[in-house]
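Undergrad: Take a look at this one; I'll ask things after.
Protein chains: 2
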Amino acid sequence: MRPPYSRRASQLKASDIRELLKLTKKPKIISFAGGLPDPQCFPYKEVDVLSTEVIEEDYVKALQYGTTEGFNRLRRALARRMNQKFRTKVHADEIIVTCGAQQGLDLISKVFIDRGDIILVENPSYLGALSAFRLFQAKFAGVPMDNDGLKTDKLEKALKKFEKKSKRPFLYTVPSFQNPTGVSMTLERRKELMELASRYDLVIVEDNPYGELRYSGKAMPPLKAMDKEGRVVYLGTLSKVLSPGMRIGWVAASEGIRHKLVLAKQATDLCTSTLIQYIAHKYITEGHMVRQIKKINAVYKRKRNIMLKAMDSEFPEEVSYTRPDGGIFIWVKFPKKVNSRELLKRSIKKEKVAFVPGDAFFINEGEGLDTARFNFSYPTEERIQEGIARLGRILKKELRA
Amino acid sequence: MRPPYSRRASQLKASDIRELLKLTKKPKIISFAGGLPDPQCFPYKEVDVLSTEVIEEDYVKALQYGTTEGFNRLRRALARRMNQKFRTKVHADEIIVTCGAQQGLDLISKVFIDRGDIILVENPSYLGALSAFRLFQAKFAGVPMDNDGLKTDKLEKALKKFEKKSKRPFLYTVPSFQNPTGVSMTLERRKELMELASRYDLVIVEDNPYGELRYSGKAMPPLKAMDKEGRVVYLGTLSKVLSPGMRIGWVAASEGIRHKLVLAKQATDLCTSTLIQYIAHKYITEGHMVRQIKKINAVYKRKRNIMLKAMDSEFPEEVSYTRPDGGIFIWVKFPKKVNSRELLKRSIKKEKVAFVPGDAFFINEGEGLDTARFNFSYPTEERIQEGIARLGRILKKELRA
């Protein structure tokens, strides 16, 4: 039998990066490749207690189907947290609870993307977003970045180009501690971006999974806090601050867009786990979240510092890298003659160290072959030190050759 | 701002039936409209104990990201259960864990449907499946049913018609205790269907949420058990037997299709809640599921009998209805002159009783206006009796007029 696959399914392929990285799951490998939180930070005792409370007090509702929008008390708690932390003015009604931020990307694709539409993305960008958009047969226009984030002058050029087209795309951006680069957009750039969005009537999809993981530098408003026209569709998640295995994310969008997203979600999975939503609600409203974020910020700050210090002392001078104020990634640029994929193969084989070759995050094949993404949240402090030292040895040898 | 919605989103509308049924959520209304399990049957004590065990023993994994395919031990447990209960020959590798069976429908849509494709469906059919397929801009060809299930001769006619087209569709069916009719396909019809599928090289999507809820009659193999060619994509769920709020479903499909579904799921939500998957795994492998299914079968059998008996004594003779051997729905046919939507409005207003007007489940507007779906799993025994008696009063009055 030859199954009658859809066009999108015929194009679906396992990414060769993922295949390459399967090698890195062995416990002997020191891996900087993933994007996982540190499991030692999981507040499992609190989750344990709260799950018992929820089941005993509320099982009739917590084990039943819930509304598609999400558990109302959780929606209120999420809106309140956003508004307190980020000075947004989000109403609980504008929130839809999703299965991680990734489902937000799926729903946004459903609501905005027709086949062949061109989506504006930072280049490089988050791989999972590119995959979500590709599944809806989108094309991409990449906007270059520097250490101040997305280059707004280049964005304007791209927007001018698209003005002539009938269907305008949205811009997908991770303005704070971007995946993969760790770079944050400066306040000035954010303002410029919002002005451009207004001038060109552009929808902005703001993905902010790391916004609360700041270890240095000044707090920065998310674009949603600067949005007076309801054009920012904001994606949040508890994956990086509480637990990814709970799969709680959310979208905050103005009424019309939110309504479409809910209709799309209804046909997609009816609702997100009620039980988990009840637990998450208690976790936030009983004050655990505030303590948890303090705790992981302290842990990740140490890990970031250790990785940067190790890179400073172990990497050859010709290798440069970002010094992010938060998040979980550092972006490395090797000298042009280094092919990051080849380096990965050798570093796994010879030194049992892994990272993600940076070309995976670029929209065109062959871009960024001299770059790499390093994660510092998951590996232990000892392994960060040891892994960077080992990679430093290879790099020194190869660059000398 | 006018958001640049996709074509599919522009067509997305809140169903008027849902709007109508919002009225039925008031506690005073006796509602036969939903499709909810009886919350008094939720095994909350076991879920409570198991969640604590899982979190204490396995939090490092249970709160972390999991693989897209799902938790391996749960996949094995699901395959084993299917094979024991239904004599299928499903391998754990062929299983992908989803957020309810509804997500299975979303992933299947992604993998098989191009805009404009015509999907074969029973007419009437499950509303959530129609919504999932519509989101991918599918069209429908309805195959009529009788008390023996989908009419295979009519299916063959439809298949002949589609043979000329380049892209062949799949057939979506709920062969056992169908939603909305409660009807099951006879063994003979199942055999005919599998022969037709083989002859016309047809993919069958078999949705089996109620397969284990049998109260009378002989056990019937699912189509998947009769599938020698890997053409049945099977959808299962724990929503009706354990808890819908946990959102655990699965798809069982042959290797090639399963692979595509996993790639689609990766872009859709990365993975299903690991924590919930760990709990579900323990629930099944520690023997609770077997006891639970016995328990709910006893409860739902009583409720079905009470509803049928009440209909027998309270409904006028001209009203007919199915006598399902399982599941959670009874399908009612009123005399032609009754408009089910109008009846619903009056019965909510005058007698505070609700049901779903049957036209909602048909693929063409205006079909089945004299039909209705009644759920007996959610309301209490007393409310079933009282609600049917009240509706009987209205019906007698109206049919006499």
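Here the protein sequences come in this chain order: A and B. Residues in the first sequence are numbered from 7 upward in steps of one, following the numbering used here. Residues in the second sequence are numbered from 7 upward in steps of one, following the numbering used here. Just so it is clear, CB atoms sit at the ideal spot from N, CA and C, and this is done for glycine as well.
In chain B, what lies closer than 8 Å to residue 10/A by C-beta?
TA: Result: 118, 173, 174, 175, 176, 209.
Undergrad: Could you check whether residue 72/B and residue 274/B sit closer than 9 Å to each other, using their CB atoms as the reference points?
TA: No, these two residues do not count as a Cβ contact at 9 Å.
Undergrad: Does the Cβ of residue 123/A have 16 or more other Cβ atoms within 10 Å, making it buried, or fewer, making it exposed?
TA: So residue 123/A ends up on the buried side.
Undergrad: Starting from residue 379/A, follow the beta strand (DSSP E) in both directions and report where the run begins and ends.
TA: Where residue 379/A is concerned, the enclosing beta strand (DSSP E) stretches over 377 to 381.
Undergrad: Of the residues 357/A, 396/A, 240/A, 331/A, which one's Cα is nearest the Cα of residue 108/A?
TA: Comparing Cα positions, the closest option is 240/A.
Undergrad: Enumerated in chain order, which unbroken segments of the alpha helix (DSSP H) with a length of 4 residues or greater are wholly contained in the segment 33 to 103 of chain B?
TA: Listed in chain order, they are 50 to 68, 78 to 92.
Undergrad: Need the endpoints of the beta strand (DSSP E) that residue 187/B sits in, please.
TA: It is not in any beta strand (DSSP E) - residue 187/B carries neither H nor E in the DSSP assignment.
Undergrad: Count the other CB atoms, across all protein chains shown, that sit within 10 Å of the CB of residue 193/A; report buried if there are 16 or more and exposed otherwise.
TA: By the neighbour-count rule (16 or more Cβ atoms within 10 Å), residue 193/A is not buried but exposed.
Undergrad: Does residue 230/A have its Cβ less than 9 Å from a Cβ in chain B?
TA: For residue 230/A, the answer is no, since every Cβ of chain B falls outside 9 Å of its Cβ.
Undergrad: Taking 9 Å as the threshold (C-beta atoms), are residue 132/A and residue 189/A in contact?
TA: Result no, Cβ atoms of residue 189/A and residue 132/A do not sit closer than 9 Å.
Undergrad: Identify every run of the beta strand (DSSP E) within the segment 234 to 259 of chain A, keeping only runs that are complete inside it and at least 3 residues long; order them along the chain.
TA: With a minimum length of 3 residues, the continuous beta strand (DSSP E) runs that stay inside the segment 234 to 259 of chain A are 238 to 243, 255 to 258.
Undergrad: Please confirm whether residue 50/B has its beta-carbon closer than 9 Å to some beta-carbon of chain A.
TA: Answer yes: the Cβ-Cβ gap between residue 50/B and chain A drops below 9 Å somewhere.
Undergrad: Comparing alpha-carbon positions, which option in 53/B, 119/B, 331/B lies nearest residue 15/A?
TA: The candidate whose alpha carbon is nearest that of residue 15/A is 119/B.
Undergrad: Is the beta carbon of residue 395/B less than 9 Å from the beta carbon of residue 292/B?
TA: For residue 395/B and residue 292/B, no; Cβs fall outside 9 Å.
Undergrad: In terms of alpha-carbon separation, which member of 259/B, 334/B, 135/B, 93/B lies closest to residue 111/B?
TA: Among 259/B, 334/B, 135/B, 93/B, the Cα nearest to that of residue 111/B belongs to 135/B.
Undergrad: If you compare alpha carbons, which of 95/B, 61/B, 104/B is closest to residue 77/B?
TA: Comparing Cα positions, the closest option is 104/B.
Undergrad: From 357/B, 316/B, 364/B, pick the residue whose C-alpha is nearest to that of residue 338/B; which is it?
TA: Among 357/B, 316/B, 364/B, the Cα nearest to that of residue 338/B is on 364/B.
Undergrad: Quick one: measure Cβ to Cβ for residue 411/A and residue 381/A, integer angstroms, because I've assumed they're closer than 8 Å.
TA: As displayed, chain A neither begins before 7 nor continues past 407, which places residue 411/A out of reach and without an answer.
Undergrad: Please compile the residues from chain A whose C-beta is within a distance smaller than 7 Å of the C-beta of residue 7/B.
TA: Going along chain A in sequence order, the residues near residue 7/B (Cβ under 7 Å) are 207, 235, 236, 237.
Undergrad: Under 7 Å Cβ-Cβ, which residues of chain A neighbour residue 266/B?
TA: Neighbours of residue 266/B on chain A, chain order: 11, 15, 18.
Undergrad: Of all Cβ atoms in chain B, is any one closer than 9 Å to the Cβ of residue 373/A?
TA: No, residue 373/A lies away from the interface with chain B (no Cβ there is under 9 Å from its Cβ).
Undergrad: Whose C-alpha, out of 25/B, 369/B, 52/B, 57/B, is nearest the C-alpha of residue 39/B?
TA: The shortest C-alpha separation from residue 39/B is found at 25/B.
Undergrad: According to the Cβ coordinates, are residue 369/A and residue 127/A closer than 9 Å?
TA: Contact flag set, yes.
Undergrad: Name the chain A residues whose beta carbon is nearer than 8 Å to that of residue 62/B?
TA: In chain order: 50, 54.
Undergrad: Could you tell me which whole alpha helix (DSSP H) segments of length 4 or greater appear in the segment 99 to 171 of chain B?
TA: Qualifying alpha helix (DSSP H) stretches, in chain order: 106 to 118, 133 to 140, 158 to 169.
Undergrad: Can you have a look at residue 96/A and say buried or exposed, based on whether 16 or more other CB atoms are within 10 angstroms of its CB?
TA: Buried is the call here.
Undergrad: What is the DSSP secondary structure of residue 179/B, reduced to helix, strand or coil?
TA: Strand at residue 179/B.
Undergrad: Is it the case that the segment 341 to 355 of chain A contacts the segment 230 to 240 of chain A, given that we only count it when at least three CB pairs across the two stretches are under 8 Å?
TA: Contact fails: fewer than three Cβ-Cβ distances are below 8 Å.
Undergrad: Say whether the segment 43 to 61 of chain B touches the segment 299 to 318 of chain B, bearing in mind that this needs 3 or more beta-carbon pairs closer than 8 Å, one atom from each stretch.
TA: Touching, yes, given that three or more Cβ pairs across the two stretches are closer than 8 Å.
Undergrad: Counting only runs that start and end within the segment 310 to 365 of chain A, where is the beta strand (DSSP E) found for 3 or more residues in a row?
TA: Runs of the beta strand (DSSP E) inside the segment 310 to 365 of chain A: 335 to 339.
Undergrad: So, at 7 Å on beta carbons, what are the nonlocal neighbours of residue 284/A in its own chain, with the 5 sequence-adjacent residues on each side left out?
TA: Result list for residue 284/A: 60, 64, 68, 77, in chain order.
Undergrad: Assuming the contact rule is C-beta atoms closer than 8 Å, residue 385/B and residue 37/B should be a hit. Round their C-beta distance to whole Å, please.
TA: Their Cβ separation, rounded to whole angstroms, is 7 Å, which keeps residue 385/B and residue 37/B in contact under 8 Å.
Undergrad: How is the alpha helix (DSSP H) around residue 207/B delimited, first residue to last?
TA: Element bounds for residue 207/B: n/a, residue is neither H nor E.
Undergrad: What are the boundary residues of the alpha helix (DSSP H) that residue 273/B is part of?
TA: Taken as a continuous stretch (DSSP letters only), the alpha helix (DSSP H) holding residue 273/B covers 261 to 275.
Undergrad: In three-state terms, what does DSSP make of residue 404/A?
TA: It is helical.
Undergrad: Using the C-alpha atoms, what's the distance from residue 70/B back to residue 43/A?
TA: Cα-Cα distance, rounded: 8 Å.
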